[in-house]
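At position 179 of the sequence shown the residue is numbered 181 (the working numbering), and the sequence of numbers has no breaks. We put the CB at the ideal spot given by N, CA and C, even for glycine. All of these numbers come straight from a predicted model, not from anything done at the bench. Okay, so here's the structure we're looking at.
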Amino acid sequence: MRKLPACVLMMTLLLCACQAGGGEVSPEEAALDLRDTYQALAGWNADVDVTAEVGDKVFDFTLAARWRREGETVLTITAPEMLSGITARIAEGETVLEYDGAGLSLGLLDGKGLTAVSAIPWLMEQVDQGYMAKCAWAGEGGELLQITFQDPEAEANTGTEYQITFQREGYALSSAEVSVDGAAVLTARFGNFTMELNNNETGNGENLG
C-alpha cells in the first residue's frame, strides 16, 4: 500500500497536536496503539458468528477460530450441523479447505480471492498494515473503537472495504463488516476472545490497551 507511510505520518502529526493539548486520547491515537498491540501478538482464539452473502446464497455459520501470526491458522465451522467439520488451514499464504478429506468451496466474495471462511486472515492483514481511512469511537458510551480500512486509491463505494470494531479497553475484536462496491457481503461477531502473547501468556485483552 503505497500511501500507508503518508497515512501514518499524518496520524502521527495529529497525535502530537492532541498530546500537546493534553486532551483525551483520540481514536486515531488509539488505532495506532491497537496496531502495535496486534503486531506484538502471537495469536488469538475466538468463536465467530458469520453471515456471508455469496451471489444469491446466504450462509450463516459459527467458526472456532485459532489465528496465529506464525505457523498455522485453523478455522473450523462448528454450526450448523450440516456444515460442521469444514476446516480451513492457512499457512504461508496458502489455504486448504477440508471436509471429510475433500476440498470444498463456499464461493468468492470479491474478485481478489476473499471467501467466507478465509476472511479472518484478510481482516488481520488490514489490522496489521491496511490503510486506516476512518477511526471513531462507537457504541452507546463510546466503549468501542471502529476503524474503516480501504484502498487509499479507491473511489467511494468501490472495491473492498473493511469496517472492524474493537473493545476500547483491551482492544479485543468485537465485530467486522466487509463490503464490496458499497454492498455488505460479510458480517462477523466475535465472542470468547482471548489473546496469546509472544511469551505464551494468554489474556482477554483487558490489560493490553
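| Asked | Found |
| --- | --- |
| What residue range does the beta strand (DSSP E) around Y164 cover? | 162-169 |
| Counting along the chain, where does the alpha helix (DSSP H) carrying R37 start and finish? | 29-41 |
| With C-beta atoms as the reference, is V50 less than 8 Å away from A67? | yes |
| Measure the Cβ-Cβ separation of I166 and P123 and say whether it is below 8 Å. | no |
| Is D51 helix, strand or coil when you go by DSSP? | strand |
| Could you spell out the range, first to last residue, of the beta strand (DSSP E) harbouring I149? | 146-151 |
| Apply the 10 Å Cβ neighbour rule to P29 and answer buried if 16 or more other Cβ atoms are within range, or exposed otherwise. | buried |
| According to DSSP, is V129 part of a helix, a strand, or is it coil? | helix |
| Short check: CB of L65 to CB of T78, under 8 Å? | yes |
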